[in-house]
Each structure stands twice: as C-alpha cells, then as structure tokens.
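Just so it is clear: in the sequence shown, position 130 is 153 by my numbering, and no numbers are missing. Glycine included, C-beta positions come from ideal geometry on N, C-alpha and C. Written below as structure tokens is the structure these notes are about.
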Amino acid sequence: MQKNEKVAFTMGLSVGVALISLVGVIVIGGLYVKSNGLSVAVDKKVENKEIAVKQNENVAVAKDTNTKTSLNSAKELNIAGEKVNGVWTRGDKDAPVTIVEFSDYQCPYCSRHHETMKQVMEAYPGKVKWEYKHFPLDSMHPYARIVAEGAECAGDQDKFWEYTDLLYANQKSINSEIVPQLATQLSLDMDDFTTCISSGKYKEKVASDLAEGQAKGVRGTPGNFVNDVELKGAVPFEQMKAAIDKELNK
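Structural data, given as structure tokens:
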C-alpha cells in the first residue's frame, strides 16, 4: 500500500513538474512574441518617423528651391527689365505701386536717385514697378538728349537698363564719345546701334517724354510720381519708402 502511494506520489510530482515546465515555456514564448512584436512596432515607428522627416525635408527643399527660383526671376527682371507700352520698366508690370521717374542722365541728383531706386526695387519685390522717362535739361546738360536716345537704341537689343546703369556709373565721363563706347562695352550689334542713332529713331520718343513731364509740372530732375502722387527731387530711401508704404496701405 505504501509502495503504491509512493509510486503515485512520484508520478504526480513528475506530472506536476511537467505541467509547470509547459506553462513556463508557453509564458516565456508569449513574452518573447510580445516583446518581439513591440520591437517590430518600435522599429516601424522609427522607420515611419524617418520617412516623415525625409518627406518634410524634401518639401522644405522644394519650397526653398521655388523661393530661390522666384527671387532669381525677380532679380533678373529687375536687372534686365522690360518694355511695357513703349516705356522701359523694372519690376512686376502688375505691381500695386508704380513709380514714374523723369530723369536726366547728366544730372548728379539723378545719379544718386538711381541708386535709391535700385534699393527700392530690392526692398519691394513684386510690389513696385519703376517706369523710366527722359527729361533732358538741354541748357545745363548738352549730352543728356543724345545719351537718352542711345539708351533707347540699346533697348532695341534688350539692354536699356544695363546701358542706363552704365551711364550713371560713368556720369562724370559723359561726352560725345560715350554713346558708342558703352554700346561696345555691352557687346551690342554696332551696325544696328549706329543705324538707330544716326536715323534719329528715338528723337520723338525723348521729346515726347520731356513734354509729358512738363505737362505734369516737372521743372527739375529727378521728378517722381508714386501712383500719380508727386515726389520731387532725389529724396532719401526712407522718404521714398514712406510714400510707397502709404500707397500699399490704402
């Protein structure tokens, strides 16, 4: 009897150990699976996060590229300009503020004002259009009219503003020889340029600008109109900025 009980006890103990071992394997296996599943989930989150970061970086790069492209296009337009309704302009032709300048290439105040206007165009991309019109003061500046015609002839080869910039940069050297000299410096087609000058193609254009300025009440240069509001003389940038901001805030 005791022997049978001992055998039964031993078998029961073995079965119990076996059951405990089996449960342990199941629990450990389950923990391993859960642990492994969590690891995969974390890895997946990290992977998704990395993908999201890369996508955001790509979007940022795309926006930056578009911004740079836009700025470069604006800068190129400000440098080269375009002719709108027979008038050479810089800036967006649909800008909310138009500054019409009546100027004389030999006027020292105009030379100073020219730099201010370039500063304006840099400060207000897309918001200001700059129209340049001629107002030669013949009694004071004997070469103002011919160099104005030269600038218009350079415009036939899309170099009006480059020619204008060079004229102001070399204002103290303006004489009867500077017209072809600057054309050569800008690599213009000299045959076409010389023909344009000698034919007097733009005499009427320069005279028309002068008459328009006189009709508007311009008596000296530079004469400016900010959305038709007169602003006399080579005013400092801050004063020009105030006039522009006033128009933009209307």
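**Study point:** Burial state of K182, where buried means 16 or more other Cβ atoms lie within 10 Å
**Key:** Counting Cβ neighbours within 10 Å, K182 comes out buried, since at least 16 surround it.
**Study point:** 3 or more residues per run - each beta strand (DSSP E) lying fully within the segment 130-204
**Key:** If we require 3 residues or more, the beta strand (DSSP E) runs fully inside the segment 130-204 come out as 151-157.
Review point. With burial defined as no fewer than 16 other Cβ atoms inside 10 Å of the residue's Cβ, what is the status of A265: buried or exposed?
Key: When all chains shown are included, A265 counts as exposed.
Check your understanding: Quick one: Cα of D189 to Cα of L205, how far?
Key -> Here residue 189 is Leu; the residue named in the question, Asp, does not match the sequence. Approximately 7 Å, taken between the alpha carbons.
Review point. Under 8 Å, do L160 and D212 count as touching if we go by C-beta distance?
Key: Not closer than 8 Å, so no.
Check your understanding: Nearest-angstrom Cα distance between Y225 and M263?
Key -> One C-alpha to the other measures close to 30 Å.
Review point. Of the residues V241, E172 and A118, which one's Cα is nearest the Cα of L271?
Key: It is A118 whose Cα lies nearest to the Cα of L271.
**Study point:** Close beta carbons around H137, own chain, < 7 Å, minus the five adjacent residues each side
**Key:** Here the set comprises Y191.
Exercise for review: Take every Cβ of the segment 168-178, pair it with every Cβ of the segment 135-153, and state whether three or more of those distances are shorter than 8 Å.
Suggested key: No: fewer than three Cβ pairs fall under 8 Å.
**Study point:** Same chain, Cβ closer than 8 Å to S134, five either side skipped, listed in chain order
**Key:** Cβ within range, chain order: Y191 and Q194.
Review point. Going by DSSP, which residues form a beta bridge with F260?
Key: According to DSSP, F260 bridges with nothing at all.
Point to revise | Buried versus exposed, by CB contacts within 10 Å (16 or more), T207 | key: A residue is called buried when at least 16 other Cβ atoms come within 10 angstroms of its Cβ; T207 does not meet this threshold and is exposed.
Exercise for review: Identify whether V107 lies in helix, strand or coil by the three-state DSSP scheme.
Suggested key: In this structure, V107 counts as strand in the three-state DSSP scheme.
Check your understanding: Over what stretch of residues does the alpha helix (DSSP H) that includes V123 continue unbroken?
Key -> V123 -> not in any alpha helix (DSSP H); beta strand (DSSP E) instead, spanning V120 to S126.
**Study point:** Whole-angstrom distance between S162 and L94, CA atom to CA atom
**Key:** In this predicted model, L94 has a pLDDT of only 40, less than 50, meaning its place in the structure is not dependable; the value taken from the coordinates is given anyway. Within the model, the alpha-carbon separation for L94 versus S162 is close to 42 Å.
Exercise for review: Measure the alpha-carbon distance for P245 versus K255 and round it to whole angstroms.
Suggested key: The alpha-carbon separation between P245 and K255 amounts to approximately 7 Å.
Review point. Where does the unbroken beta strand (DSSP E) through G236 begin, and where does it stop?
Key: Note, G236: premise wrong, no beta strand (DSSP E); alpha helix (DSSP H) at K226 to A238.
Point to revise | Among W111, H157 and Q129, nearest to Q237 - alpha-carbon criterion | key: The residue among W111, H157 and Q129 with its C-alpha nearest the C-alpha of Q237 is H157.
Exercise for review: Can you tell me the Cβ-Cβ gap for V110 and E154, rounded? I've got them flagged as a contact below 8 Å.
Suggested key: At roughly 5 Å, the Cβ-Cβ gap stays under 8 Å, so V110 and E154 are in contact.
Point to revise | DSSP three-state assignment for T218, whether helix, strand or coil | key: Here DSSP, grouped into helix, strand and coil, assigns T218 to helix.
Practice item. Between the Cα of E253 and those of E261, V241 and G114, spot the shortest distance and give me the residue it belongs to. Key: A check of alpha carbon separations from E253 across E261, V241 and G114 identifies V241 as the nearest.
Exercise for review: Note down the Cα distance separating E124 from T218, rounded to an integer number of angstroms.
Suggested key: Roughly 28 Å separates the two Cα atoms.
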